[in-house]
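Sequence order for the protein chains is A and B. Heads up: the first sequence begins at 383 in our numbering, then just goes up one per residue. Heads up: the second sequence begins at 383 in our numbering, then just goes up one per residue. Beta carbons are placed, not taken as given, at the ideal position from N, Cα and C, and that holds for glycine. Bear in mind that the values here come from a model prediction, so they are computed numbers and not experimental data.
Protein chains: 2
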Amino acid sequence: MTLSPTLPPLSPTPRTTVGRGRNRMVEDRAELHRLLADALIAHLGVTVARDGVSHPLVLPAAYAVDLDGPDLDGTLYLHGSVAAGWLRTATDSTVCVTVTELDGLVAARSAFHHSMNYRSAVVIGAARLVDDEDERRRALDLIVDHMIPGRSATLRASTRKELAATAVLAVSLHEASMKSRGEGPVDDAEDIEAGVWGGVIPVRRTAGDPVPSDDASGPVPADVVRRAASL
Amino acid sequence: MTLSPTLPPLSPTPRTTVGRGRNRMVEDRAELHRLLADALIAHLGVTVARDGVSHPLVLPAAYAVDLDGPDLDGTLYLHGSVAAGWLRTATDSTVCVTVTELDGLVAARSAFHHSMNYRSAVVIGAARLVDDEDERRRALDLIVDHMIPGRSATLRASTRKELAATAVLAVSLHEASMKSRGEGPVDDAEDIEAGVWGGVIPVRRTAGDPVPSDDASGPVPADVVRRAASL
Numbered sequence: 383m384t385l386s387p388t389l390p391p392l393s394p395t396p397r398t399t400v401g402r403g404r405n406r407m408v409e410d411r412a413e414l415h416r417l418l419a420d421a422l423i424a425h426l427g428v429t430v431a432r433d434g435v436s437h438p439l440v441l442p443a444a445y446a447v448d449l450d451g452p453d454l455d456g457t458l459y460l461h462g463s464v465a466a467g468w469l470r471t472a473t474d475s476t477v478c479v480t481v482t483e484l485d486g487l488v489a490a491r492s493a494f495h496h497s498m499n500y501r502s503a504v505v506i507g508a509a510r511l512v513d514d515e516d517e518r519r520r521a522l523d524l525i526v527d528h529m530i531p532g533r534s535a536t537l538r539a540s541t542r543k544e545l546a547a548t549a550v551l552a553v554s555l556h557e558a559s560m561k562s563r564g565e566g567p568v569d570d571a572e573d574i575e576a577g578v579w580g581g582v583i584p585v586r587r588t589a590g591d592p593v594p595s596d597d598a599s600g601p602v603p604a605d606v607v608r609r610a611a612s613l
Numbered sequence: 383m384t385l386s387p388t389l390p391p392l393s394p395t396p397r398t399t400v401g402r403g404r405n406r407m408v409e410d411r412a413e414l415h416r417l418l419a420d421a422l423i424a425h426l427g428v429t430v431a432r433d434g435v436s437h438p439l440v441l442p443a444a445y446a447v448d449l450d451g452p453d454l455d456g457t458l459y460l461h462g463s464v465a466a467g468w469l470r471t472a473t474d475s476t477v478c479v480t481v482t483e484l485d486g487l488v489a490a491r492s493a494f495h496h497s498m499n500y501r502s503a504v505v506i507g508a509a510r511l512v513d514d515e516d517e518r519r520r521a522l523d524l525i526v527d528h529m530i531p532g533r534s535a536t537l538r539a540s541t542r543k544e545l546a547a548t549a550v551l552a553v554s555l556h557e558a559s560m561k562s563r564g565e566g567p568v569d570d571a572e573d574i575e576a577g578v579w580g581g582v583i584p585v586r587r588t589a590g591d592p593v594p595s596d597d598a599s600g601p602v603p604a605d606v607v608r609r610a611a612s613l
């Protein structure tokens, strides 16, 4: 992963410029790359039209990021069955991909100042259906390796039939913004003086021991052990 | 929370009927209630129009659910600053609120069958701006208590000024669907016979010890201790 201080800044367009809470805005693109490397699920927003009425639809999806491809801003990949309705809806339309990690619950001295610590990125862009078989193969390996780093190299290659059944969408990371909160409660002086307790409950994701399938044989492979230890 | 076997089933309309992966569809509304009680963050999807071009926007938000209000299907509440653009965009328009919990990484014997275990709910409906001060007060208490059960009763009442600065959106849980996956990999027989390892890395959310603010005094309150132990 490229984490260079020479990366272009985030929020390059009006629709990815943070409105409220500019003090929470992150400008360093390297922070975006770190969040996208840490998180496991994205929420994809598309606009669905049905009987002449349109509405937003938000679905969770596995994803991966390629920072070494032809798009210098980086590419975010999502995949699904070629039969999935949301993939057809998203193709060639503008989509929003949001990735959020919850880091803590902020217990303030008043209901008003309760908050959460989090990191969240919003990516807006045209969704490109990946036609090229090599790029699709590479994207699928990246998605597997995002879940369990190193795993794709331990598996047989995807078959042509499998590749034909899988649709991959690509969204440029060009138009992206990020917000983050990572501090204690910001309270009114009177409430602090009143002696109410304030602080943060840290929240994180952890893994349990890998559970082999009933029909699995042999030891748990090193990549799975490493992933379970690093979540 | 009402978890009755007489609840109406999920997916009552075409736009909340699960398309692909019907085997993952959850029909029991009590399962939706359990997921909404477990999760802490929702992703709100709205349609934004700018310069005549519209696109979806997905933002993370704290939320709470009221199953004892006048809407027998239940009401989902989101809140934000009255100055937040997304709140103005969402008001009186159709929004999508999606809540997802990741439960595991499914390491299959092929890239194609890699998957995740999860629970995810999609709620679609008109977003109503809550005008009534009593309902707004109750919704804000529910949002605080969703983060830290019992906390709102330990805090002073919100002031009129605080209530005036906070916008609350309500969405009915009437149009909701849910999907869930909670099993090991489903692999091709040849790949199992080839002896590749398959299984699941369980994923869960955990809390660290509460971190008091520098200016906090006294012991960590019981509600915060309980929440940190139950996450």
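CB of residue i within 8 Å of CB of residue j, strictly
i              : j              : result
residue 540(A) : residue 511(A) : no
residue 481(A) : residue 551(A) : no
residue 556(B) : residue 391(B) : no
residue 484(A) : residue 519(A) : no
residue 454(B) : residue 447(B) : no
residue 577(A) : residue 599(B) : yes
residue 549(B) : residue 425(B) : no
residue 595(A) : residue 580(B) : yes
residue 439(A) : residue 403(B) : no
residue 509(B) : residue 547(B) : no
residue 399(A) : residue 497(A) : no
residue 487(B) : residue 574(B) : no
residue 411(A) : residue 562(A) : no
residue 592(B) : residue 571(B) : no
residue 607(B) : residue 489(A) : no
residue 414(A) : residue 529(A) : no
residue 492(B) : residue 537(A) : yes
residue 626(A) : residue 495(B) : With chain A covering 383 to 613 only, the question about residue 626(A) has no answer from this structure.
C-beta neighbour in chain B for residue i, strict 8 Å
i              : result
residue 502(A) : yes
residue 528(A) : no
residue 531(A) : no
residue 392(A) : no
residue 551(A) : no
residue 429(A) : yes
residue 595(A) : yes
residue 404(A) : no
residue 400(A) : no
residue 496(A) : yes
residue 413(A) : no
residue 456(A) : no
residue 473(A) : no
residue 559(A) : no
residue 408(A) : no
residue 598(A) : yes
residue 440(A) : yes
Interface flag, residue i vs chain A, CB-CB below 8 Å
i              : result
residue 453(B) : no
residue 610(B) : yes
residue 520(B) : no
residue 425(B) : yes
residue 544(B) : yes
residue 437(B) : yes
residue 476(B) : yes
residue 540(B) : yes
residue 581(B) : yes
residue 566(B) : yes
residue 434(B) : no
Buried/exposed call for residue i, threshold 16 Cβ in 10 Å
i              : result
residue 430(B) : buried
residue 630(A) : No statement about residue 630(A) is possible, as the shown extent of chain A runs from 383 to 613 and does not include it.
residue 397(A) : buried
residue 452(B) : exposed
residue 456(B) : buried
residue 432(B) : exposed
residue 435(A) : exposed
residue 533(A) : buried
heavy atom of the ligand ADP below 7 Å from residue i C-beta
i              : result
residue 393(A) : Looking at this structure, you won't find the ligand ADP or any other ligand, since it has none at all.
Can at least three beta-carbon pairs, one atom from the stretch 577-590 of chain A and one from the stretch 556-571 of chain B, be found at a separation below 8 Å? no
Mind the definition here: the stretch 465-481 of chain A touches the stretch 495-510 of chain A only if three or more C-beta pairs lie below 8 Å; say whether that holds. yes
How do the stretch 461-474 of chain A and the stretch 436-445 of chain A stand: do at least 3 beta-carbon pairs fall below 8 Å, yes or no? yes
Quick check for students: name the residue ranges of the alpha helix (DSSP H) that lie wholly in the stretch 510-564 of chain A, counting only runs of 4 or more. 515-529 and 542-547
Within the stretch 429-473 of chain B, note down every full alpha helix (DSSP H) run reaching 4 residues or more, in order along the chain. 467-472
Jot down the residue ranges of each uninterrupted alpha helix (DSSP H) in the stretch 564-607 of chain B, minimum 4 residues, whole runs only, in chain order. 571-575
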